[in-house]
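Report on one structure; see the data block that follows.
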Amino acid sequence: MCPLVKELKTRDKSDTVIYVTGQLREMLDEVLNVFNIVPDYDLSIMKTMQIFFDVTINILEKEKKVLVEVKPDVVLVHGDTSTTFVTATAYACRC
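In the numbering used here, the protein residues as written are 5 to 99.
Okay, here's the thing in structure tokens:
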């Protein structure tokens with residue numbers, strides 16, 4: 005996804021906003037550093053001993069603020085199953 009993000013950032017007709025949930029933090033930060041990408045939003049949803057329900061609720065609560073503020077026309081998701089499921093659902097159900 006990083007090469008696509010870099011390309012989208014160069015286009016004048018595209019306002020590209022990047023946000024991350026913060027899952028798999030060490031791997032995420034390493035990849036972002038390699039591609040020199042700084043997220044506009046970092047939801048930092050990870051907590052110790054959380055389960056799928058906690059992850060889902062944390063993503064939904066924090067992602068709602070981003071979706072309401074940014075009002076994206078399109079959302080591209082690259083991530084783990086929880087992030088992909090929750091983000092696709094939240095975007096599809098936005099009001």
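Glycine included, C-beta positions come from ideal geometry on N, C-alpha and C. None of these values were measured; they are calculated from a predicted model.
Counting along the chain, the unbroken alpha helix (DSSP H) around residue 74 starts and ends at 56 to 74.
The beta carbon of residue 35 sits closer than 7 Å to the beta carbons of 6 from its chain, once the five residues preceding and following it are set aside; these are given in chain order. Ranked by Cα distance from residue 63, the options 12, 96, 80 and 24 are led by 24. In terms of Cβ geometry, residue 87 and residue 81 form a close pair [threshold 8 Å].
In the structure shown, the three-state DSSP call for residue 21 is coil.
Assigned with DSSP and collapsed to three states, residue 46 falls in strand.
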